[in-house]
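Trainee: Chains as they are written, first to last, in our numbering: chain A, 2 to 295; chain B, -15 to 282; chain C, 529 to 979.
The structure follows.
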Amino acid sequence: MSKRNGSSRGYQIFSLVVLIVLALLFLFPLYWIVTGALKTPAAINSPTPQWWPEEFTLRNFQVLFSKRSAPLFQIGSLTGPTIPGAIRWLINTVFMAVMAMLLTCATAAMAGYALAKKRFTGRVILFSLIVAAMALPKQVILIPLIREMSSLGLYDNIWAVILPTVGWPFGVFLMKQFAEGIPTEMVEACRIDGANEWRTFTDVMFPMIKPGVGALAIFTFINSWNDYFMQLIMLTSSSNLTISLGIATMQAENSTDYGLIMAGASLAAIPIIVVFLIFQKYFTKGITMGAVKG
Amino acid sequence: MTKTMSPRLRRHENISGYLFLLPSLVFFLGFVVYPMAMCIWTSFTDANMNSNTKDTFIGLANYVELWHDPVFLKALWNTIIIVVVSVPVVCIFSLWVASAIYRMKEGTLSFFRVVFYLPVVTGSVAVTVVWKWMYNNYYGIFNYLLKGAGVIDKNINWLGDPKYALGCIILILLTTSVGQPIVLYVSALSNVDSSLVEAAEVDGANNTQAFWRIKWPQIMPTTLYILIITTINSFQCFALIQLLTSGGPNYATETVMYYIYYTAFKLYRFGYGNAMGVILAIFIAALSAVQFRLAKED
Amino acid sequence: MKKILALVMALCMIFALAACGQQAAPAPAANDAPAAEAPAAEAPAGATEISLWTYPIGKWGDEATVKALTDAFTAETGIAVKVEYLTYADGDDKVNTAITAKQAPDLVMEGPERLVSNWGANGYMVDISDLFDDTDKSEINAAALAACFAPNGAAYEYPLVMTAHCMGINYNAFVEAGADQYINKDTHTWTTEQFFQAVQALYDHFGGTVGAVYCTGQGGDQGTRALVNNLYGGTFTNDEHTAYTWDDPLNIKALKALYDQDGIDFDASIVGGDEIANFYNGIFKMAFCWNIAQQLNPNSADTGAGLTLNGDEIVFMAFPSEDGTAKLQGGIWGFGIFDNGDPARIDAAKQFIKYMCDSEHTVDAVRASNFFAARSAAEGTDLSGVWADNEIMNEYTKLMPMLGDYYQVTTNWAGARAAWWNMLQQVGGSDGSEAAISAAVADFCGQANNG
Chain A
2 MSKRNGSSRG
12 YQIFSLVVLI
22 VLALLFLFPL
32 YWIVTGALKT
42 PAAINSPTPQ
52 WWPEEFTLRN
62 FQVLFSKRSA
72 PLFQIGSLTG
82 PTIPGAIRWL
92 INTVFMAVMA
102 MLLTCATAAM
112 AGYALAKKRF
122 TGRVILFSLI
132 VAAMALPKQV
142 ILIPLIREMS
152 SLGLYDNIWA
162 VILPTVGWPF
172 GVFLMKQFAE
182 GIPTEMVEAC
192 RIDGANEWRT
202 FTDVMFPMIK
212 PGVGALAIFT
222 FINSWNDYFM
232 QLIMLTSSSN
242 LTISLGIATM
252 QAENSTDYGL
262 IMAGASLAAI
272 PIIVVFLIFQ
282 KYFTKGITMG
292 AVKG
Chain B
-15 MTKTMSPRLR
-5 RHENISGYLF
5 LLPSLVFFLG
15 FVVYPMAMCI
25 WTSFTDANMN
35 SNTKDTFIGL
45 ANYVELWHDP
55 VFLKALWNTI
65 IIVVVSVPVV
75 CIFSLWVASA
85 IYRMKEGTLS
95 FFRVVFYLPV
105 VTGSVAVTVV
115 WKWMYNNYYG
125 IFNYLLKGAG
135 VIDKNINWLG
145 DPKYALGCII
155 LILLTTSVGQ
165 PIVLYVSALS
175 NVDSSLVEAA
185 EVDGANNTQA
195 FWRIKWPQIM
205 PTTLYILIIT
215 TINSFQCFAL
225 IQLLTSGGPN
235 YATETVMYYI
245 YYTAFKLYRF
255 GYGNAMGVIL
265 AIFIAALSAV
275 QFRLAKED
Chain C
529 MKKILALVMA
539 LCMIFALAAC
549 GQQAAPAPAA
559 NDAPAAEAPA
569 AEAPAGATEI
579 SLWTYPIGKW
589 GDEATVKALT
599 DAFTAETGIA
609 VKVEYLTYAD
619 GDDKVNTAIT
629 AKQAPDLVME
639 GPERLVSNWG
649 ANGYMVDISD
659 LFDDTDKSEI
669 NAAALAACFA
679 PNGAAYEYPL
689 VMTAHCMGIN
699 YNAFVEAGAD
709 QYINKDTHTW
719 TTEQFFQAVQ
729 ALYDHFGGTV
739 GAVYCTGQGG
749 DQGTRALVNN
759 LYGGTFTNDE
769 HTAYTWDDPL
779 NIKALKALYD
789 QDGIDFDASI
799 VGGDEIANFY
809 NGIFKMAFCW
819 NIAQQLNPNS
829 ADTGAGLTLN
839 GDEIVFMAFP
849 SEDGTAKLQG
859 GIWGFGIFDN
869 GDPARIDAAK
879 QFIKYMCDSE
889 HTVDAVRASN
899 FFAARSAAEG
909 TDLSGVWADN
919 EIMNEYTKLM
929 PMLGDYYQVT
939 TNWAGARAAW
949 WNMLQQVGGS
959 DGSEAAISAA
969 VADFCGQANN
979 G
């Protein structure tokens, strides 16, 4: 605690206590999911909460891995070996989130550069359109989007979830804000040196906005991972599901196997938490720079 | 600047500008603008699920009906409440947490930052299952704790009572929204020029005054950015409603986003649902424009 | 860092290829059933794969059980079946989005309330009346047969199994509270008066919620409908199935009686599945969302069938009515064919229906469901004895004669169901006065009729 801060000791202790209570509240769902996944069905359905599993079991994971199966991959008529559905769903989800992330970053970085540094006709109109569409919930275009994907032959294909995510203009907006913070003189100096447009972008612009791209990457990855709605309406085949949808399909008639849900939720949450922990530093650094530039 | 450009340079800027935009535009026009255009068109028809009838153009009839649909008005009202409550609360809460933790040791700081970010990364479906249990009328943890503390003597049906249901949804939304703003504020606060703060303190300003005079203006861009992302976020509460309340009880948690879905896939009225979508899109575009204007002026 | 990135990229490319390859396949995801591939290759020209989407109807939601059935079918006919498993929570939405995307499955397994009065009425199903010959018509239960035909004379479903939905009670709790005197455990029946006395006795003994009128959900509405209608003999639709009649004063009387009764709570925070969960864990002493499949299936903690989590005995009961003879809500399940415009696949789907519902294999298909066969015999195989060796099923046959009118084929059924839930929520949230209840019922019944 800094002495420079003149606030009273009492306030500091008070805020620390509040912080700890809040931290517990925020930690609780994850704690409950992970411990719940290891509880027996009787314990998890019991009306009196069992704060710590009295008896550990892997039953929930066994059910998770045995209840549904799917082929590892299909390429044309070539079908991979049969594996637990949950594994396939996890692979699908990772694939979806990574592809959405890569495509969004690549397209948004280029578009953001153009919007910030290029003086082309229609720039203002286009940017207004992007700002207007930025917060649009996908429910609004639900039906046209389903029909469009169907006519493209992409319905029930993981790409039907990826493509609209990439089209969402928030990334372009974010990248434009970052690119605007880069001095125009640097771009022009490069051009005078004789570098072509592409070189200017890759050698000068991209390295400078890289922290922003990193931030956008994590932002897109997490959003796409959690975009339950798009997954729900676009995917149907059990080999094409994502992990959260897949878990939902394991419900029996009129009864909810909470242990199974918790096991599936752990399986879905742990990879993304690991990703977050690894890239945490990147994330905080990147996002700040863009924000400060306003 | 535009005026001084030679025609040659202008052509060059146009071509290179659009080439850089092209990949992004393909996706944006193809999967956002085009469906939105279809949505606007369908909103003037009576399109429905029935394959035996052709869609007919009915002009503004859907919009007129919307104006008289109490459920839509309720949904619009709830949507506004969610935005109006969650956006400022997220901003204030995350600013408070950030200012409480940003001068802590790196390890502690990192711990709190991760903890507040966890609900974001855990995934809405998983988090929702736990919250459903916590809100449970019969053995949920809130009733258990509140009863234990003697605050209430009878269980409260959190999600089943119209008085509390929307508040409960907003609370979950808050926990899944504050992660990023806290990270942003922590960074912004640590970037505040400390010599200015010291100078102010030398001038006899107390903590609060120093905050508003020195720090607040410097973190203003961050605040505006947070306003924008939180607004976006608060329109994404579909999964919560779908998994917890289906818009009930008594439409207490009905939002426009859910009602569009309900109208399309429970009542099979595509045209009517799209009309709602158009209204919502106009509403959101206006809101975004205002926010962006604010950011720009700053 | 760069190496990791390169690796990730490479992996992505592989899966991108996988996804694209799949997209290029002729039928929607036509190569997903590895086990079925070999026979499919040898099959004669025509549709070699059809898709089937099932709701969790007994063990028809269990992959291992269904796979055994479809593998046997594939072995005999060379037609591969790709099965997807729906849930009641989002199954309807999935089918509806698939229809919107023109990617509906070839076959779907559910009841006439969806197949006939929803998807059939909206023009998405194939008329399969040619599958019913005169022998079939004489063998199939008359109510089930009628329900599978739309008013225009087309058949959109071929019935496989049926049941009467019932209630479940926690018998140990009834005994403990002295409420067992109000039930006839032998006939599984009780009167309205006995029902309320029992609830009161349980409430006096245990306090809290004895039974909950759950007010949200996708399925499970049959329980609350049967409860409200039976108490004082109200009706849900008219006899012709052309209009909804919940505004019947007898229903309003029933809703008011339920509202006023201690221990019966209208709960808008739970769906039928939550009610069952709370019944299993002993919080509720009775469940309105009960049926024989649940009686036969092990409970959610795997501690056995017909027992709550702590081992209390579950007894199934008819819904209470004034004279003790309820009109139970029927559940009918069978198959329907979506019109995907491909005669070969429609033909293959018909073969599937014939195989499952009207052949010597019907016994296995029925057994998988945990319900009763919808017909007395199939192609010479007597089906009345399917469950002869099962004590609980034998006991349950006592309730089958109480099967009431199957009215779930009335126009706008999906909209009416949504309105029913909203009505219950409004009644539960009202002050419970007769005026408030009447207003809610009239409002939503009107919506159901006008939708």
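Note that beta-carbon positions come from the ideal geometry of N, C-alpha and C, so glycine has one too.
Mind checking whether A110(B) and A266(A) have CB atoms under 7 Å apart?
Mentor: Contact: yes.
Trainee: Note down, in chain order, every chain B residue with its Cβ under 7 Å from the Cβ of P48(A).
Mentor: Within 7 Å Cβ-Cβ: Y122, Y123.
Trainee: Mind listing the chain B neighbours of N624(C)? Cutoff is C-beta to C-beta under 9 Å, in chain order.
Mentor: In chain order: M33, A248, F249, K250, Y252.
Trainee: Sort T628(C), K882(C), I711(C), W941(C) by Cα distance to D661(C) and report the nearest one.
Mentor: The shortest C-alpha separation from D661(C) is found at K882(C).
Trainee: Under 7 Å between C-beta atoms, does N62(B) make it to chain F?
Mentor: Among the protein chains of the structure shown, namely A, B and C, there is no chain F.
Trainee: Could you tell me whether any Cβ in chain C is nearer than 7 Å to the Cβ of E149(A)?
Mentor: Not closer than 7 Å to any Cβ of chain C, the Cβ of E149(A) fails to qualify, so no.
Trainee: Take M150(A) and list the residues in its own chain whose beta-carbon comes closer than 7 Å to its own, dropping the five residues that flank it on each side.
Mentor: Closer than 7 Å at the Cβ level, and outside the excluded window around M150(A), lie Y156, A161, M235.
Trainee: Measuring alpha carbon to alpha carbon, tell me which residue in L6(B), I198(B), T192(B) is nearest L180(B).
Mentor: Nearest C-alpha to L180(B): I198(B).
Trainee: Using beta-carbon positions only, say whether M928(C) and A854(C) come within less than 7 Å of one another.
Mentor: No; because the gap between Cβ atoms is not below 7 Å, this pair is not in contact.
Trainee: Please compile the residues from chain C whose C-beta is within a distance smaller than 9 Å of the C-beta of R69(A).
Mentor: In chain order: E591, Y613.
Trainee: With DSSP collapsed to three states, give me the class of E577(C).
Mentor: If DSSP states are grouped into helix, strand and coil, E577(C) belongs with the strands.
Trainee: Give the residues from the segment 152 to 169 of chain A that approach chain C closer than 8 Å (Cβ to any Cβ), ordered along the chain.
Mentor: Within the segment 152 to 169 of chain A, the qualifying residues are G154, L155, Y156, D157, N158, I159, W160.
Trainee: Among all the DSSP beta bridges, which residues are the ones paired with I668(C)?
Mentor: R903(C).
Trainee: For V799(C) and T737(C), which I take to be in contact (beta-carbon distance under 8 Å), what is that distance rounded to the nearest angstrom?
Mentor: With 8 Å as the limit, V799(C) and T737(C) do not qualify as a contact, their Cβ atoms being about 15 Å apart.
Trainee: Determine, for F280(A), whether the minimum Cβ-Cβ distance to residues of chain B falls below 7 Å.
Mentor: So no, F280(A) is outside the interface.
Trainee: Could you have a look at K38(B) and say whether DSSP puts it in helix, strand or coil?
Mentor: Correct three-state label for K38(B): coil.
Trainee: Return the bridge partner residues of W818(C) from the DSSP annotation.
Mentor: For W818(C), which the question treats as bridged, DSSP gives the partners C694(C).
Trainee: Can you confirm whether the segment 110 to 119 of chain A touches the segment 172 to 179 of chain A when touching is taken to mean that 3 or more C-beta pairs between the two stretches lie within less than 8 Å?
Mentor: Yes: at least three Cβ pairs fall under 8 Å.
Trainee: Out of L217(A), I244(A), A218(A), S238(A), which one is the CA nearest neighbour of N227(A)?
Mentor: Looking at the Cα atoms, I244(A) is the closest of the given residues.
Trainee: Whose Cβ in chain C lies nearer than 9 Å to the Cβ of S218(B)?
Mentor: None at all; the shortest Cβ gap to chain C is about 23 Å.
Trainee: Could you check whether G791(C) and Y731(C) sit closer than 7 Å to each other, using their CB atoms as the reference points?
Mentor: Yes, the Cβ-Cβ distance between Y731(C) and G791(C) is below 7 Å.
Trainee: Under 8 Å: do the segment 84 to 94 of chain A and the segment 64 to 75 of chain A share three or more Cβ pairs, one atom per stretch?
Mentor: With a cut-off of 8 Å, the segment 64 to 75 of chain A and the segment 84 to 94 of chain A count as touching, because enough Cβ pairs lie within range.
Trainee: Under DSSP, the alpha helix (DSSP H) around Y613(C) begins and ends at which residues?
Mentor: Here Y613(C) belongs to no alpha helix (DSSP H); instead the beta strand (DSSP E) covers 608 to 613.
Trainee: If the cut-off is 7 Å on Cβ atoms, which residues from the segment 909 to 941 of chain C count as contacting chain B, listed in chain order?
Mentor: Listed by position, the residues of the segment 909 to 941 of chain C near chain B (Cβ gap below 7 Å) amount to none.
Trainee: Taking DSSP's pairing of strands, which residues face I865(C) in a bridge?
Mentor: According to DSSP, I865(C) bridges with L635(C).
Trainee: What do you get for Y699(C), buried or exposed, if any count of 16 or more other CB atoms within 10 angstroms of its CB means buried?
Mentor: Buried, since its Cβ has 16 or more Cβ neighbours within 10 Å.
Trainee: For A649(C), which residues from the same chain have a beta carbon less than 6 Å from its beta carbon, with the 5 sequence-adjacent residues on both sides left out?
Mentor: Closer than 6 Å at Cβ, skipping near neighbours: no residue.
Trainee: Apply the 10 Å Cβ neighbour rule to T715(C) and answer buried if 16 or more other Cβ atoms are within range, or exposed otherwise.
Mentor: By the 10 Å Cβ count, T715(C) comes out exposed.
Trainee: Along chain B, which residues have their Cβ under 8 Å away from the Cβ of T744(C)?
Mentor: The answer, in chain order, is T229, S230, G232, P233.
Trainee: Output yes if chain A places a C-beta closer than 7 Å to the C-beta of N631(C); else output no.
Mentor: Checking the displayed sequence, the identity of residue 631(C) turns out to be Gln instead of Asn. Interface residue, yes.
Trainee: Tell me whether the beta-carbon of V74(B) lies closer than 7 Å to the beta-carbon of S171(B).
Mentor: In this structure, S171(B) does not lie closer than 7 Å to V74(B) by Cβ.
Trainee: Note down, in chain order, every chain B residue with its Cβ under 9 Å from the Cβ of K119(A).
Mentor: Ordered by position in chain B, the residues that pass the 9 Å Cβ test against K119(A) are E(-3), N(-2), S0, G1, Y2, F4, L5.
Trainee: Grab the span of the beta strand (DSSP E) containing S70(A) for me, first residue to last.
Mentor: Per DSSP, S70(A) belongs to the beta strand (DSSP E) from 70 to 72.
Trainee: Is DSSP giving Y616(C) helix, strand or coil here?
Mentor: Coil at Y616(C), not helix or strand.
Trainee: From T106(B) to S272(B), what does the alpha carbon distance come to, in whole angstroms?
Mentor: Near 28 Å, if we compare the C-alpha coordinates of S272(B) and T106(B).
Trainee: Tell me which residues share the same chain as A571(C) and place their Cβ nearer than 7 Å to its Cβ, disregarding the 5 neighbours each side in the sequence.
Mentor: Any reading at A571(C) is ruled out, since the residue's pLDDT is 42, under 50, leaving its predicted position unreliable.
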